[in-house]
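Chains as they are written, first to last, in the numbering used here: chain D, 1 to 256; chain W, 257 to 534; chain U, 535 to 826.
What follows is a short report on a single structure.
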Amino acid sequence: MSARPMRNPLLQALAQIGGCGLFLLTLLAAIPRSFKHFRETVRQLWFVGAMSLVIIMVCGLFVGLVLALQLYYVLQIFGGTAASGMVVALAIYRELGPVVTALLFAGRAGTSITAEIGLMRATDQIAAMEMMAVDPVAYVGTPRFLAGLIAMPLLCCVFCAMGILGGHLVGVTWLGIDNGTFWSNMTAAVNLHTDIVNGILLKSLAFGAAVSLIAVYQGFTTPPTSEGVAYATTRTVVASSIAILALDFVLTAFLM
Amino acid sequence: MTDPVRAASDDRTLVRIRGLTTVLNGKTVFDALDLDIPRGKVTAIMGPSGTGKTTLLKHITGQMRGDAGEVRVDGHNVPELSRLQLFELRERIGYLFQNSALLTDFDVFENVAFPLRQHTRLPEELIRNIVLTKLQSVGLRGAARLMPSELSGGMARRVALARAIVFDPMLILYDEPFVGLDPIALNQVLKLIRTLNETLGITSVLVAHELEAIKQVADHIYLIANGKVVAQGDPATIAADGSPWTRQFFGGEADGPVPFQYPAGDYATALGFAEQRA
Amino acid sequence: MSQRPSYAVGTGLFILLGFAALVYLATQTTSVANVHRGASYTVTTHFADVGQLKERSPVKVAGVRVGQVQSIALDPASAQADVVLAIDKNFNKIPDDSVVTIFTSGLLGDQYIGIDYGSSKKVVGDGGTLALSRSSQPLEAMLGKFLGSGGAADNLGGTYAVSARFTNVGSLSAGAPVKMAGVAIGSVQSVEADPVKLDAKVTLAIDKRYNHIPNDSSAAVFTSGLIGGQYVAIQPGGSPDNLKNDDELILTQSAMQLEDLIGKFLVNGSSSGDKSGSASGTPSPTPPTGKK
Chain D
1 MSARPMRNPL LQALAQIGGC GLFLLTLLAA IPRSFKHFRE TVRQLWFVGA MSLVIIMVCG
61 LFVGLVLALQ LYYVLQIFGG TAASGMVVAL AIYRELGPVV TALLFAGRAG TSITAEIGLM
121 RATDQIAAME MMAVDPVAYV GTPRFLAGLI AMPLLCCVFC AMGILGGHLV GVTWLGIDNG
181 TFWSNMTAAV NLHTDIVNGI LLKSLAFGAA VSLIAVYQGF TTPPTSEGVA YATTRTVVAS
241 SIAILALDFV LTAFLM
Chain W
257 MTDPVRAASD DRTLVRIRGL TTVLNGKTVF DALDLDIPRG KVTAIMGPSG TGKTTLLKHI
317 TGQMRGDAGE VRVDGHNVPE LSRLQLFELR ERIGYLFQNS ALLTDFDVFE NVAFPLRQHT
377 RLPEELIRNI VLTKLQSVGL RGAARLMPSE LSGGMARRVA LARAIVFDPM LILYDEPFVG
437 LDPIALNQVL KLIRTLNETL GITSVLVAHE LEAIKQVADH IYLIANGKVV AQGDPATIAA
497 DGSPWTRQFF GGEADGPVPF QYPAGDYATA LGFAEQRA
Chain U
535 MSQRPSYAVG TGLFILLGFA ALVYLATQTT SVANVHRGAS YTVTTHFADV GQLKERSPVK
595 VAGVRVGQVQ SIALDPASAQ ADVVLAIDKN FNKIPDDSVV TIFTSGLLGD QYIGIDYGSS
655 KKVVGDGGTL ALSRSSQPLE AMLGKFLGSG GAADNLGGTY AVSARFTNVG SLSAGAPVKM
715 AGVAIGSVQS VEADPVKLDA KVTLAIDKRY NHIPNDSSAA VFTSGLIGGQ YVAIQPGGSP
775 DNLKNDDELI LTQSAMQLED LIGKFLVNGS SSGDKSGSAS GTPSPTPPTG KK
């Protein structure tokens, strides 16, 4: 941060948002050209999605476990422990699932995308692609962006499923809520459209787009030095987290 | 890849730079630079550090655009080309980066195969043969399955060279190919440049400082300083040239037309002795 | 080349896993799990009040889903709601005297229809009617249930009326449960002030099943918990004769006002039934106390 001259931080933030928006257009415009790099998209999906699976699954499980435990103790006061399955499902589907997955995704995949692209720039790999007549945005940028876009909803689904499993483990197996009650309350309350489609899929799609856009943008625009890469990685996490939570608010307001 | 009909119809110059002027961050890098690179020859571009030799290569490939003047490569004016046309041109230009710039995700084989896979739909068998041929020519066929991180600097540069020639380009640009190489690796690269030029007739442009190496390989030398060509000719001519630039550069003198001091204000004033002197 | 297939396979597995999770969430944890498929037959039933029941709400027998609500319409002649149930063909052995009840899944859940099998040999067929129904329970009853007072007993088996007089009923209102030994045995049918005797006359509707209550039992107005609703508790006496319809419970204990309680605590006085009270007494949060 000290490396660059201090300008008006507000202007700086605006410039970042503007740059990000323009870069999104560049990325989208490169989609047709990136079709011939389909294999690269698959490879990125592996790195971005499949490699994040373990952390997502573990965190999903623990979120479910903790949520069920907390809910049980609160609902017990009102004799409403039967509702814990329902509340676990709704809380995870509507908020925790997409948001926590996106935050983890930003930390796990976003930073690695930024660092990777930054290092590719620092070691002239991007310039080498330019010289080999390969569009770096279409080859490096868009596949990562698309991979993030595809991976996020899938990861979110896995996270939610693990969360439900965790909730079930604590609620039914450990604390002895009736299995049928747990599920029937859940199925009665969870709506396919508002909770699964709007809650999980739409939100996580939006978060995936935001996180991977920010990550790719930071990678492409940071000064190609080790200092610049380190700075950009930090900025990816900060900007992604803010974007996720702000988007969450906006989407919740519009969708619910 | 070189089109023989066009090569014959064009004159003997592959790259023609006229009146190139570039200002970067308020500093004039090129000041109406004129430079010709002959076809089928090895041309060396030399000059003190920071005179924009690498920048010149970037102008030839269209990675940078000058503020004025034209850069004609095989008849095309590079600054006027669209991105697509530029990409078509670059497919016929090989570029060897100073730090090799191998793609760290792929092994040696895939790095060399990368341009083929990106631009052609050749069958796997053919790609294999082309890549192994190129690797054989740089002497690294046995290293095909190593990752870039497992290569020494010299080996990485030879792999990068194999990648640069995989399309049999008309022009190869070498950006400081000798930096950081031990004498053996340096001579290996030197020999490769010469061989490629002789056997394939590839026009080569070298940016380098190593005078002894250049003398062995170059047909023509340009000495650039202060944004202009200050001396040119074949190695013998330029060594005999008595201009102060050549003397300083080839003699390796610390001070001369290239000043030891970076431009600054009056020394005494900076130290606060101005009044006393007055 | 050796690395490409492994990426592709791994990525494929990842995508499959993601979709499997999605399918699992969408089908097993949502109301889709309740969407009924397959052949069904319709049965009509009538409710005085369907509450929050909606179309496509589940129909369950013994907690297991057997169908869904097909339509809800108001019958203008009888001012009752006609509810048509679509029941899976597999469950075609429902006796025609089965009881249809509107339940709520949990405290906050959606409502659903439960069918309790009757004992008739005749089964209800397609287009048939289930005449015995219990309507949606009002919120007050729900609240009472939630706060642990057990809820109003159903009056399916019919009730008999018993009256009791209180000098003060607190916030007792019609619909409040009547309990014995903590178990609901009936509900308060009406609370009215007697213009002559100047006290409150409470009519209790007690389930006919509980027809062995001694006629010297006492009735007290209690409060469930600190903030809970009030209910009438019957404390059985020792008489060999049982309560019958239109009998009156002589021994009563009024609801305690907070002021009385405090006074009792401070000066060791007692709130006796001598004090004048009114049927429209102010809400008085009163902890349950022992007998007088």
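We put the beta carbon where it would ideally sit given N, CA and C, even for glycine.
- By the rule that beta-carbons nearer than 7 Å mark a contact, PRO294 of chain W does not touch chain D.
- Membership of ALA246 of chain D in the alpha helix (DSSP H) is indicated by the continuous run 226-255.
- For ILE56 of chain D, no Cβ of chain U is located within less than 7 Å of the residue's own Cβ.
- Taken through DSSP and simplified to helix, strand or coil, MET714 of chain U comes out as strand.
- Using a Cβ distance threshold of 7 Å, ILE740 of chain U and THR693 of chain U count as a contacting pair.
- GLY167 of chain D counts as buried, since at least 16 other C-beta atoms from the protein chains shown sit within 10 angstroms of its C-beta.
- It is roughly 17 Å from the alpha-carbon of ALA695 of chain U to the alpha-carbon of ASP728 of chain U.
- Judged by DSSP in its simplified three-state form, LEU448 of chain W adopts helix.
- For MET302 of chain W, the enclosing beta strand (DSSP E) starts and ends at 298-302.
- The beta-carbon separation of MET186 of chain D and MET86 of chain D, rounded to 5 Å, stays under the 8 Å limit for a contact.
- Annotation: TYR523 of chain W is outside any beta strand (DSSP E); the continuous alpha helix (DSSP H) that includes it extends over 523-527.
- Fewer than three pairs of CB atoms, one per stretch, sit closer than 8 Å, so the segment 336-348 of chain W makes no contact with the segment 297-316 of chain W.
- In this structure, LEU276 of chain W keeps its C-beta atom at 7 Å or more from the C-beta atom of GLY318 of chain W.
- Taking all protein chains in view, the Cβ of GLY350 of chain W is crowded by 16 or more other Cβ atoms within 10 Å, so the residue is classified as buried.
- Boundaries for GLN16 of chain D: no beta strand (DSSP E) harbours it, while the alpha helix (DSSP H) harbouring it runs 9-29, taken from the DSSP string.
- For the pair ASN355 of chain W and ALA416 of chain W, the Cα-to-Cα distance works out to about 9 Å.
- The three-state reading of DSSP puts GLY208 of chain D in helix, counting H, G and I together.
- In this structure the segment 203-220 of chain D touches the segment 96-114 of chain D; the number of beta carbon pairs closer than 8 Å is three or more.
- For the 7 Å CB-CB criterion, ARG33 of chain D and ALA138 of chain D form a contact.
- Taking a Cβ-Cβ threshold of 8 Å, none of the residues of chain D is close to LEU452 of chain W; the smallest such distance is about 17 Å.
- Using a CB distance below 7 Å, the part of the segment 116-130 of chain D facing chain W consists of THR123, ASP124, GLN125, ALA127, ALA128, GLU130, ordered along the chain.
- Here the segment 238-254 of chain D makes no contact with the segment 273-288 of chain W; the two share fewer than three CB pairs at distances below 8 Å.
- Rounded to whole angstroms, the gap between the alpha carbons of TYR575 of chain U and ALA620 of chain U is 5 Å.
- In summary, the residues of the segment 64-89 of chain D whose CB is separated from some CB of chain U by less than 8 Å are PHE78, GLY79, GLY80, ALA82, ALA83, MET86, ALA89, in the order they occur in the chain.
- Per the DSSP secondary-structure output, LEU442 of chain W pairs with nothing in a beta bridge.
- Here LYS471 of chain W carries a helix assignment [DSSP, helix/strand/coil].
- Counting other Cβ atoms within 10 Å of its Cβ, TRP501 of chain W reaches 16 or more and is therefore classed as buried.
- With respect to PHE434 of chain W, ALA464 of chain W sits close: the two C-beta atoms are nearer than 7 Å.
- ILE214 of chain D carries a helical assignment under DSSP once its states are collapsed to helix, strand and coil.
- Beta-carbon to beta-carbon, ILE17 of chain D and THR142 of chain D are separated by about 20 Å, too far to satisfy the 8 Å threshold.
- THR502 of chain W: not part of any beta strand (DSSP E); member of the alpha helix (DSSP H) spanning 500-507, first to last residue.
- In the three-state reduction of the DSSP assignment, PHE370 of chain W falls in the helix class, which pools H, G and I.
- Judged by DSSP in its simplified three-state form, LYS623 of chain U adopts coil rather than helix or strand.
- DSSP places GLY662 of chain U within a strand segment (E or B) once states are collapsed to three.
- Under the 7 Å criterion on CB atoms, LEU359 of chain W is classed as interfacial with respect to chain D.
- Per DSSP, LYS735 of chain U lies in no alpha helix (DSSP H); the unbroken beta strand (DSSP E) holding it starts and ends at 734-741.
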